[in-house]
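K.L.:
Before we start, here is the structure in question, set down as structure tokens.
Here you go:
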């Protein structure tokens, strides 16, 4: 028996527990489906609604697996961030599985960035990249009972001299339509429905229509999919929604793609396939401002888009250029207005604290929010992820803490222009402006006065674009 698991315990993250918007572990369920298609007996430990890792130990005792695969959901941005709590839980699960005599492998961005931690905890191997695509060869090796992990592509394994080493790269899968649908039957659908309905009055479900992003924002890590963009066919995605409608009956879909659709032709074809199958379900997705124009908005609305989230990041062109964002502030304005004209709600991702950002840049972001009044915003501070140019620029500023404890922490991990407390106050002020339109100028006057008080003693010096 193979036990597949992930390490996201909803109750262990106060912010996410409060939001009550849990999604099934998509990559984990794909790994299970792939192994079952190969004829393997598979069980699932879904950590989402469990209290802590003691539940995983109980699952091991109940299932008695020979192999444990910790496959994190790489389609969920919370996985890329990897908080300290989540890392600790993952390491504890690995050690527990090892004590039960299991062969153990793990996949996820944090394991790829820090394989030594996971190998030391007891993992036989770290699966690089798209972990669900690497499970078949690894399981075959484990079941042979030999020590030929060196011959399995796409792994990081222990090395007595260097600590760890990589095996040869695994070939990429370009035909995503060849993958089975996720193994939804292995999870407690009713638990997700109960959580969503109690908090929001509807059930949302996750789907991925593509993998990767071809753009090169210098703070965005791509440890799983790399700098490529691979799409499923419109027909394959429509078929998944048709099956979901029959088997799960969600009221809403969250497309977990970094960029959904990419072209107006794909989106229009998708809308046509949905209509043909009577599979249209209202959905929310992510895109970029430079990809939104009237034909795209029209096609999105025809397909069922209710809400589009854009990575606006900042109202300062100077900061966008420093990020290598590849967009203009005016483009964000135009995209927002275009979506609204087609009856689509608009959410913005905003980022504070990028190196070189000054108070005037923050004010520009505030003014952009006031001018365009997005329907919702998500505010974070710049988060140095290994493998990014941004991380390389600030790595000398990083201390021993390089991850947030949980997703609510909003801590500056390097010496930004201002300290963490100040950015939290700015976040709250931005949310207040966006939430009800009742702008409190007094709050912003206080922030302007306190900008000097909360300035970092030695902010990182960077060369900014002219």
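Residue numbers (this note's numbering): 598 to 1063.
From the three backbone atoms N, C-alpha and C, an ideal C-beta is built for every residue, glycine too.
Note that this is a predicted model, so its numbers are computed, not measured.
Look up residue 1040 in the DSSP assignment and say whether it is helix, strand or coil.
P.N.:
Taking the chain shown and counting its residues from 1, one reaches residue 1040 at position 443. Helix.
K.L.:
According to DSSP, residue 1015 sits in a beta bridge with which residue or residues?
P.N.:
To locate residue 1015, count along the chain shown from 1; it is residue 418. BP columns for residue 1015 point to 1052.
K.L.:
Here's a check: name, in chain order, each residue in its chain whose Cβ is nearer than 8 Å to the Cβ of residue 954, leaving out the five neighbours to either side.
P.N.:
Within the chain shown, residue 954 is the residue found at index 357, counting from 1. Correct list, in chain order: 911, 913, 916, 1013, 1014.
K.L.:
Please confirm whether any heavy atom of the ligand GTP lies closer than 7 Å to the CB of residue 1011.
P.N.:
Summarising the ligand content, the structure contains no ligands, and the ligand GTP is consequently not present.
K.L.:
Using three-state DSSP, classify residue 678 as helix, strand or coil.
P.N.:
Counting from one through the chain shown, the residue named residue 678 turns up at place 81. Helix.
K.L.:
Is the beta carbon of residue 1072 sitting closer than 8 Å to the one on residue 697?
P.N.:
Since the first residue of the chain shown is 598 and the last is 1063, residue 1072 is not available in this structure.
K.L.:
Give the straight-line distance between the Cα atoms of residue 753 and residue 649, rounded to the nearest whole angstrom.
P.N.:
Taking the first residue of the chain shown as position 1, residue 753 is located at position 156. Taking the first residue of the chain shown as position 1, residue 649 is located at position 52. Cα to Cα, residue 753 sits roughly 28 Å from residue 649.
K.L.:
With DSSP run on the structure shown, which of helix, strand or coil describes residue 771?
P.N.:
As a first step, residue 771 is located in the chain shown; it is residue number 174 there, counting from the start. Three-state result, residue 771: coil.
K.L.:
According to DSSP, simplified to helix, strand and coil, what is residue 688?
P.N.:
Here residue 688 corresponds to residue number 91 of the chain shown, with the count starting at 1. Residue 688: helix per DSSP, three-state reduction.
K.L.:
Need the endpoints of the alpha helix (DSSP H) that residue 945 sits in, please.
P.N.:
Here residue 945 corresponds to residue number 348 of the chain shown, with the count starting at 1. Residue 945 -> not in any alpha helix (DSSP H); beta strand (DSSP E) instead, spanning 942 to 949.
K.L.:
Where do the ends of the beta strand (DSSP E) carrying residue 700 lie?
P.N.:
Taking the chain shown and counting its residues from 1, the one referred to as residue 700 is at position 103. Residues 700 to 704.
K.L.:
Provide the residue span of the alpha helix (DSSP H) that contains residue 803, from first to last.
P.N.:
Within the chain shown, residue 803 is the residue found at index 206, counting from 1. No alpha helix (DSSP H) holds residue 803; the beta strand (DSSP E) holding it covers 801 to 804.
K.L.:
Helix, strand or coil for residue 808, going by three-state DSSP, please let me know.
P.N.:
What you label residue 808 is simply residue 211 of the chain shown in a count that begins at 1. Note: residue 808 maps to strand in three-state DSSP.
K.L.:
Do residue 985 and residue 818 have their CB atoms nearer than 8 Å?
P.N.:
For the purposes of this step, residue 985 is identified with residue 388 of the chain shown, where counting begins at 1. For the purposes of this step, residue 818 is identified with residue 221 of the chain shown, where counting begins at 1. Going by C-beta atoms, residue 985 is nearer than 8 Å to residue 818.
K.L.:
First and last residue of the beta strand (DSSP E) that includes residue 905?
P.N.:
Counting from one through the chain shown, the residue named residue 905 turns up at place 308. That run of the beta strand (DSSP E) goes 902 to 910.
K.L.:
Using three-state DSSP, classify residue 974 as helix, strand or coil.
P.N.:
In the chain shown, counting from the first residue as 1, residue 974 sits at position 377. Note: residue 974 maps to strand in three-state DSSP.
K.L.:
Is it right to say residue 727 is buried, meaning 16 or more other beta carbons lie within 10 angstroms of its own, or is it exposed?
P.N.:
Here residue 727 refers to the residue found at position 130 of the chain shown. Buried: at least 16 other Cβ atoms inside 10 Å.
K.L.:
Alpha carbon to alpha carbon, how far is residue 835 from residue 848? Give it in angstroms, no decimals.
P.N.:
As a first step, residue 848 is located in the chain shown; it is residue number 251 there, counting from the start. As a first step, residue 835 is located in the chain shown; it is residue number 238 there, counting from the start. Their Cα atoms are separated by approximately 15 Å.
K.L.:
Hey, out of 771, 886, 673, 662, whose CA is closest to residue 740's CA?
P.N.:
Residue mapping note: residue 740 aligns to position 143 of the chain shown, counting from 1. Per the Cα distances, 662.
K.L.:
What are the boundary residues of the alpha helix (DSSP H) that includes residue 862?
P.N.:
Position 265 of the chain shown, counting from 1, holds the residue named residue 862. Looking at the DSSP string, the run of the alpha helix (DSSP H) that includes residue 862 is 861 to 874.
K.L.:
So, for residue 1063: in the same chain, excluding its five sequence neighbours on each side, which residues have a beta-carbon less than 7 Å away from its beta-carbon?
P.N.:
One-based indexing of the chain shown puts residue 1063 at position 466. Because the pLDDT of residue 1063 is 48, which lies under 50, any placement of that residue in the model is unreliable, and the number read from its coordinates should be weighed accordingly. None.
K.L.:
The beta strand (DSSP E) that contains residue 749, what's its start and end?
P.N.:
For the purposes of this step, residue 749 is taken as residue 152 along the chain shown, with counting starting at 1. Looking at the DSSP string, residue 749 is not in any beta strand (DSSP E), and its letter there is neither H nor E.
K.L.:
Have a look at residue 924 and residue 887 and give me their C-alpha separation to the nearest angstrom.
P.N.:
Here residue 924 refers to the residue found at position 327 of the chain shown. Here residue 887 refers to the residue found at position 290 of the chain shown. Roughly 6 Å between the two C-alpha positions.
K.L.:
Which residues in the same chain have their Cβ closer than 6 Å to the Cβ of residue 1036, if we skip the five residues on either side of it in sequence?
P.N.:
Within the chain shown, numbered from 1, the residue matching residue 1036 stands at position 439. Here the set comprises 1030.
K.L.:
Checking the sheet assignment: what are the DSSP bridge partners for residue 754?
P.N.:
Within the chain shown, residue 754 is the residue found at index 157, counting from 1. Looking at the DSSP assignment, residue 754 forms a beta bridge with 762.
K.L.:
What do you get for residue 799, buried or exposed, if any count of 16 or more other CB atoms within 10 angstroms of its CB means buried?
P.N.:
Here residue 799 refers to the residue found at position 202 of the chain shown. Exposed, by the Cβ-count rule.
K.L.:
One question on the structure: do residue 978 and residue 949 come within less than 8 Å of each other, judged by their Cβ atoms?
P.N.:
Counting from 1 along the chain shown, the entry for residue 978 is found at position 381. Counting from 1 along the chain shown, the entry for residue 949 is found at position 352. Yes; because the gap between Cβ atoms is below 8 Å, this pair is in contact.
K.L.:
Rounded to whole angstroms, what's the CA-CA distance from residue 684 to residue 987? Just pull it up for me.
P.N.:
Numbered from 1 along the chain shown, position 87 holds the residue referred to as residue 684. Numbered from 1 along the chain shown, position 390 holds the residue referred to as residue 987. When rounded, the distance between both Cα atoms is 22 Å.
K.L.:
Between residue 839 and residue 861, what straight-line distance do the alpha-carbon atoms span, to the nearest angstrom?
P.N.:
Within the chain shown, the letter at position 242 stands for residue 839. Within the chain shown, the letter at position 264 stands for residue 861. Answer to the nearest angstrom: the Cα atoms are 22 Å apart.
K.L.:
Is residue 640 helix, strand or coil when you go by DSSP?
P.N.:
Walking along the chain shown from the start, residue 640 turns up at place 43. Note: residue 640 maps to strand in three-state DSSP.
K.L.:
Taking one C-beta from the region 901 to 908 and one from the region 871 to 886 each time, how about it: are there three or more such pairs within less than 8 Å?
P.N.:
Yes, they touch.
K.L.:
By alpha-carbon positions, which one of 815, 743, 889 ends up nearest to residue 918?
P.N.:
What you label residue 918 is simply residue 321 of the chain shown in a count that begins at 1. Taking only the C-alpha atoms, the option nearest residue 918 is 815.
K.L.:
Could you check which residue in 611, 633, 736 has the C-alpha nearest to that of residue 665?
P.N.:
For the purposes of this step, residue 665 is taken as the residue at position 68 of the chain shown. For the residues 611, 633, 736, the minimum Cα distance to residue 665 belongs to 736.
K.L.:
I believe residue 633 touches residue 780 by the beta-carbon criterion, under 8 Å. Please report the beta-carbon distance rounded to the nearest angstrom.
P.N.:
Position 36 of the chain shown, counting from 1, holds the residue named residue 633. Position 183 of the chain shown, counting from 1, holds the residue named residue 780. Rounded, the Cβ-Cβ distance is 6 Å, consistent with contact.
K.L.:
What first and last residue would you give for the alpha helix (DSSP H) that runs through residue 666?
P.N.:
Reading the chain shown from its first residue, position 69 is the one you call residue 666. Careful: residue 666 lies outside any alpha helix (DSSP H), inside the beta strand (DSSP E) at 664 to 668.
K.L.:
Buried or exposed: residue 745, going by 16 or more other Cβ atoms within 10 Å of its Cβ?
P.N.:
For this step, residue 745 is matched to residue 148 along the chain shown. Looking at its Cβ environment, which holds fewer than 16 other Cβ atoms inside 10 Å, residue 745 is exposed.
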